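Novice: There's a structure below that I have some questions on.
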Amino acid sequence: MNAVGILDWVLLGVYFALLIIIGVQTIRRVKSADDFAVAGNRIIWPVFFGSLAASFLGGGASLGVAGKAFSDGYVYMFAFFGYAVSFLLVGLFVAPRLKRYAGAHTVGDVMDEHYGKSGRLLTGIMSILLCAGILGAQALAIGTVVNATLGLPQGPSIVVGMGIVVLYSSFGGAWAVIQTDMLQFVFLGVFIPVTLILALGEVGGPSGLVDSIPDAHLTFGGGYSAATFVGLFIAFLLGETLVPPYAQRTFSTPDSKHARRGFALTGIFSFLFYFVAATLGLVALALYPDIEPDQAIPKLVMALVPAGLVGLVVAALLAVVMSTASSYLNSASVVFVKDVYQPLVAGEISTKRKLSLERGLTLLVGTLATGFALVVPSIVDALIYAYSFWAPTIVIPLLIAVLFGSRSKPAALTAIAAGAAATLIWLVWFQERTGLDPIVVGAGVNLVAFVIAQAVTRKPTPRKPVAA
Amino acid sequence: MAVYSVLLYGVPALVIAVTLYTGYLGFKFYVAEVVNEPSE
Numbered sequence: 000m001n002a003v004g005i006l007d008w009v010l011l012g013v014y015f016a017l018l019i020i021i022g023v024q025t026i027r028r029v030k031s032a033d034d035f036a037v038a039g040n041r042i043i044w045p046v047f048f049g050s051l052a053a054s055f056l057g058g059g060a061s062l063g064v065a066g067k068a069f070s071d072g073y074v075y076m077f078a079f080f081g082y083a084v085s086f087l088l089v090g091l092f093v094a095p096r097l098k099r100y101a102g103a104h105t106v107g108d109v110m111d112e113h114y115g116k117s118g119r120l121l122t123g124i125m126s127i128l129l130c131a132g133i134l135g136a137q138a139l140a141i142g143t144v145v146n147a148t149l150g151l152p153q154g155p156s157i158v159v160g161m162g163i164v165v166l167y168s169s170f171g172g173a174w175a176v177i178q179t180d181m182l183q184f185v186f187l188g189v190f191i192p193v194t195l196i197l198a199l200g201e202v203g204g205p206s207g208l209v210d211s212i213p214d215a216h217l218t219f220g221g222g223y224s225a226a227t228f229v230g231l232f233i234a235f236l237l238g239e240t241l242v243p244p245y246a247q248r249t250f251s252t253p254d255s256k257h258a259r260r261g262f263a264l265t266g267i268f269s270f271l272f273y274f275v276a277a278t279l280g281l282v283a284l285a286l287y288p289d290i291e292p293d294q295a296i297p298k299l300v301m302a303l304v305p306a307g308l309v310g311l312v313v314a315a316l317l318a319v320v321m322s323t324a325s326s327y328l329n330s331a332s333v334v335f336v337k338d339v340y341q342p343l344v345a346g347e348i349s350t351k352r353k354l355s356l357e358r359g360l361t362l363l364v365g366t367l368a369t370g371f372a373l374v375v376p377s378i379v380d381a382l383i384y385a386y387s388f389w390a391p392t393i394v395i396p397l398l399i400a401v402l403f404g405s406r407s408k409p410a411a412l413t414a415i416a417a418g419a420a421a422t423l424i425w426l427v428w429f430q431e432r433t434g435l436d437p438i439v440v441g442a443g444v445n446l447v448a449f450v451i452a453q454a455v456t457r458k459p460t461p462r463k464p465v466a467a
Numbered sequence: 000m001a002v003y004s005v006l007l008y009g010v011p012a013l014v015i016a017v018t019l020y021t022g023y024l025g026f027k028f029y030v031a032e033v034v035n036e037p038s039e
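Sequence lines, in order, name chains S and B.
FYI, numbering that gives the first Met the number 0 numbers position 165 of the first sequence as 164, with every residue one higher than the one before it.
FYI, numbering that gives the first Met the number 0 numbers position 20 of the second sequence as 19, with every residue one higher than the one before it.
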């Protein structure tokens, strides 16, 4: 195993310093709640694409895909393509339409427009639970990455990593989150593929890799049954559709052309990135068949990447996690102010007060997430379940609203309640027995409930008076 | 095997190229919007 040299520590230090410098430089760009939430709608498509990709490609897309490819083969990557397909479809058909909602910052703004205040409030609560869960998970992942690569204890690593995330997110808001995302995008998009090219050399090139792993690991279906594959694919297809940070990032673009191009490009890029991550898992299997699957990428980095480059690759792995954390942190505070606090407070809130609230909340939520990850990780485990509830509650009514213009409040509320109940029941009693993801069942129930409730509660269209 | 060679080396190379070009555009945007903040 390569020793981590002084140069690696210096490069890691430079990476952290750059994040802080960007955070400080972007402070002066934040003059209003618009700047804090959606960077004043000035984010052009290349920056939107890089930032969205950095937020979207988290620990699951890198360490997770590599680990599952290690144990199951490319079949898991093909199922994981569900996320990329979702991005491509949303980019082509939904994201451009989101730009029609002038002044919108959150998913709750769209839901309010179609389904009223209760739609906004429910969406806000779901959004906050989801953001808090993902944020806590990323905090834990910072500790895992640093521990697996540099051997440092998890606690202090989480404090330093999350401290930097909270710092730049609090002061620079969306401007800081998006600009640091771009730096993190460059790190993860360059050094993770570089690791694969180095690892391929070690395993004897493509022929060496193909000869060293089981044939089933290279096939489309692998060892999965058709039902397992389809269930996983649908769960991935729906699971992260328009979660708060992605919607918020879409609102930060100047128009629908930038929204479409940036969102769809993220989907195309994700196909390629998943292939790189999955192949890293296969190379790890060929070279180190006895390691734990989750250690596939950290093991390759520490064993094969030369000293001097290790610092940059570890920075890339941290970039994967930190960019996701900052996006969800920024969303949590913006959503709380817009979708929960503001509707419950009578009267308008001044721009200055709104900005102070969002900054203060970023600091508070970030500190709480770090604290929970350190002291009571079981709370983070519990909050992660919110992830399973997003698609079965919010996504279908949101898509129907944006694509078809539905304004049926009873249908939306019925669908949210039915989807949540079905997901909970499936999660508790049936998931282990059947292996089917609750997202699939919950989203199905949500859709059926919406259609039925809309048909039942539809008011008859008044007939036009016939001219005499 | 030729297909594997193209995929296994081509895809990471493409990811690096796309990333670097996007990073370059992002840097230009950063300089224009953050470093030399435009007057509103």
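Glycine included, C-beta positions come from ideal geometry on N, C-alpha and C.
Since this is a predicted model, take the numbers as computed values, not measurements.
1. Can you find the residues in the same chain that come closer than 6 Å, C-beta to C-beta, to Tyr-273 (chain S), ignoring five residues on each side of it along the sequence?
2. Rounded to whole angstroms, what is the Cα-Cα separation between Gly-118 (chain S) and Pro-342 (chain S)?
3. For Thr-105 (chain S), which residues in chain B fall below 8 Å Cβ to Cβ?
4. Do you know how far the Cα of Ala-414 (chain S) is from the Cα of Phe-449 (chain S)?
5. Spatial neighbours of Leu-121 (chain S) within its chain, please: C-beta separation below 7 Å, excluding the five flanking residues on both sides.
6. Do Ser-322 (chain S) and Thr-179 (chain S) count as a contact pair if the criterion is CB distance below 9 Å?
7. Output the distance between the C-alpha atoms of Thr-350 (chain S) and Ala-215 (chain S), rounded to the nearest integer angstrom.
8. For the pair the region 256-268 of chain S and the region 0-9 of chain B, tell me if three or more CB-CB distances fall below 8 Å.
9. Name the chain B residues that come within less than 8 Å of Arg-41 (chain S), Cβ to Cβ?
10. Rounded C-beta distance between Leu-311 (chain S) and Leu-10 (chain S)? I'm assuming under 8 Å.
11. Under the rule that 16 or more other beta-carbon atoms within 10 Å means buried, what is Phe-219 (chain S), buried or exposed?
12. I want to see whether chain B comes within less than 9 Å of Val-13 (chain S), judged by CB atoms only; does it?
13. Which complete alpha helix (DSSP H) runs does the region 3-42 of chain S hold, if anything under 4 residues is left out?
14. Return the chain-ordered list of same chain residues with a C-beta closer than 7 Å to the C-beta of Ser-387 (chain S), the five sequence neighbours on each side being excluded.
15. Check whether the Cβ of Gln-137 (chain S) lies closer than 9 Å to any Cβ atom in chain B.
16. Output needed for Phe-268 (chain S): all residues of its chain with C-beta closer than 6 Å, excluding positions within five of it in sequence on either side, in chain order.
17. Let me know the secondary structure DSSP gives Pro-37 (chain B) once reduced to three states.
18. With respect to the alpha helix (DSSP H) encompassing Val-164 (chain S), which residues constitute its N-terminal and C-terminal limits?
19. Between S:Val-300, S:Lys-353, S:His-257, S:Leu-237, which has its C-alpha nearest Val-440 (chain S)'s C-alpha?
20. Against chain B, does Thr-25 (chain S) count as a neighbour if the rule is that its beta carbon must be under 9 Å from one of theirs?
21. For the region 128-141 of chain S against the region 294-314 of chain S, are there 3 or more C-beta pairs whose distance is under 8 Å?
22. How is Lys-458 (chain S) classed by DSSP in three states: helix, strand or coil?
23. Tell me the DSSP secondary structure of Val-5 (chain B) in three-state form.
24. Between the alpha carbons of Pro-192 (chain S) and His-113 (chain S), how many angstroms are there, rounded?
25. Counting only runs of 3+ residues fully inside the region 223-260 of chain S, write out the beta strand (DSSP E) ranges in chain order.
26. Determine the direct distance from the alpha carbon of Trp-428 (chain S) to that of Leu-187 (chain S), and round the result to whole angstroms.
27. Suppose you measure from the CA of Ala-381 (chain S) to the CA of Ile-395 (chain S); what does that come to, to the nearest Å?
28. When you compare each of S:Tyr-14, S:Gly-4, S:Ile-5, S:Gly-230 to Leu-317 (chain S) by their alpha carbons, which one comes out closest?
29. Using CA coordinates, which residue listed in S:Val-37, S:Thr-25, S:Ser-325 is at the minimum distance from Thr-337 (chain S)?
Specialist: The answer reads as follows:
1. Val-64, Met-76, Phe-79
2. 11 Å
3. Residues of chain B passing the Cβ test: none, with the nearest at roughly 23 Å.
4. 5 Å
5. Ile-415
6. yes
7. 58 Å
8. no
9. Glu-32
10. 5 Å
11. exposed
12. no
13. 5-26, 32-37
14. Thr-422, Leu-426, Pro-437, Ile-438
15. no
16. Ala-52
17. coil
18. 153-202
19. S:Leu-237
20. yes
21. no
22. coil
23. helix
24. 43 Å
25. none
26. 39 Å
27. 24 Å
28. S:Tyr-14
29. Thr is not the amino acid found at residue 337 (chain S); the sequence shown has Lys there. Considering only alpha carbons, the answer is S:Val-37.
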